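Residue numbers (the UniProt record's numbering): 1 to 211.
In structure tokens:
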């Protein structure tokens with residue numbers, strides 16, 4: 001039976017997110033589009049509440065907050081396999097403006113937003129994001145958003161491959177399939193990412209601050 005590594009939350013371990021100061025950490029909120037949230041079983045209510053809670057936590061800690069979204073005004077090139085689907089979504093949103101943009105509760109003035117071509121699943125492909133991370137000395141990213149089987153897993157793996165410390169907040173991520181979400185969080189991401197829930201993240205970070 002394969003043993004999967006646990007998250008490392010020891011601030012003395014260089015691969016732990018707690019070893020990286022807040023100024024070198026960024027919270028990436030992934031694809032919290034209204035149209036994606038509308039397909040969630042609860043209309044996205046629970047994931048938005050978790051994202052807002054996590055953003056408040058990050059603000060309190062002095063951690064940069066970055067919104068990563070799809071640029072639905074850009075046409076996906078025809079040679080990309082997802083082009084027909086993503087271009088159809090973009091066209092459909094013209095008739096349903098209420099589903100455009102990021103969830104209102106998550107949006108905040110003054111916070112950075114980076115966008116990418118819809119057929120690029122990883123947020124690390126967002127225009128200017130990698131340059132911004134490097135320019136600001138970001139060494140650790142915390143991920144939350146949608147969906148676990150799409151943007152979350154692809155962003156986590158891409159970020160880890162680029163040498164960033166990656167933490168995925170499992171109760172601030174979601175997938176249309178609860179079973180798929182569970183497999184991703186317990187088996188597919190644990191080799192490269194630290195998987196925590198909001199309560200654990202807050203508790204361990206607070207313990208470090210008060211130590």
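Just so you know, even glycine gets a beta-carbon here, dropped at the ideal spot from N, CA and C. Bear in mind the structure is a predicted one, so any value in this text is a computation, not a measurement.
Looking only at its own chain, which residues have a Cβ that is under 6 Å from the Cβ of residue i, when we skip the five neighbours before and after it?
i           : result
residue 61  : 22
residue 116 : 125 and 126
residue 44  : 37
residue 205 : none
Based on Cα-Cα distance, which residue from the options lies nearest to residue i?
i           : options               : result
residue 145 : 103, 116, 108 and 134 : 103
residue 20  : 171, 73, 112 and 164  : 164
residue 76  : 69, 87 and 67         : 87
residue 64  : 78, 89, 97 and 133    : 133
residue 98  : 206, 204 and 38       : 38
residue 147 : 107, 25, 32 and 113   : 32
residue 67  : 149, 84 and 29        : 29
residue 94  : 73, 202 and 112       : 73
residue 120 : 71, 181 and 196       : 71
residue 108 : 59, 100, 118 and 81   : 59
residue 197 : 209, 143, 159 and 160 : 143
Assign residue i to one of three DSSP states: helix, strand, or coil.
i           : result
residue 172 : strand
residue 181 : helix
residue 139 : coil
residue 167 : strand
residue 34  : helix
residue 196 : strand
residue 10  : coil
residue 21  : coil
residue 124 : helix
residue 42  : coil
residue 130 : helix
residue 15  : coil
residue 56  : helix
residue 186 : helix
Considering only residues of the same chain and omitting the five flanking positions on each side of residue i, which have a CB-CB separation below 8 Å?
i           : result
residue 194 : 7, 8, 9, 16, 17, 165, 166, 167 and 168
With DSSP as the reference, identify every bridge partner of residue i, one or two as the case may be.
i           : result
residue 144 : 29
residue 207 : DSSP output for residue 207 lists no bridge partner at all.
residue 114 : 68
residue 102 : 33
Which same chain residues, not among the five before or five after residue i, have their C-beta less than 7 Å away from its C-beta?
i           : result
residue 153 : 184, 188 and 189
residue 105 : 48 and 52
residue 174 : 40, 47, 146, 147, 148 and 181
- request: Jot down the residue ranges of each uninterrupted alpha helix (DSSP H) in the segment 60 to 98, minimum 4 residues, whole runs only, in chain order.
  value: 83 to 93
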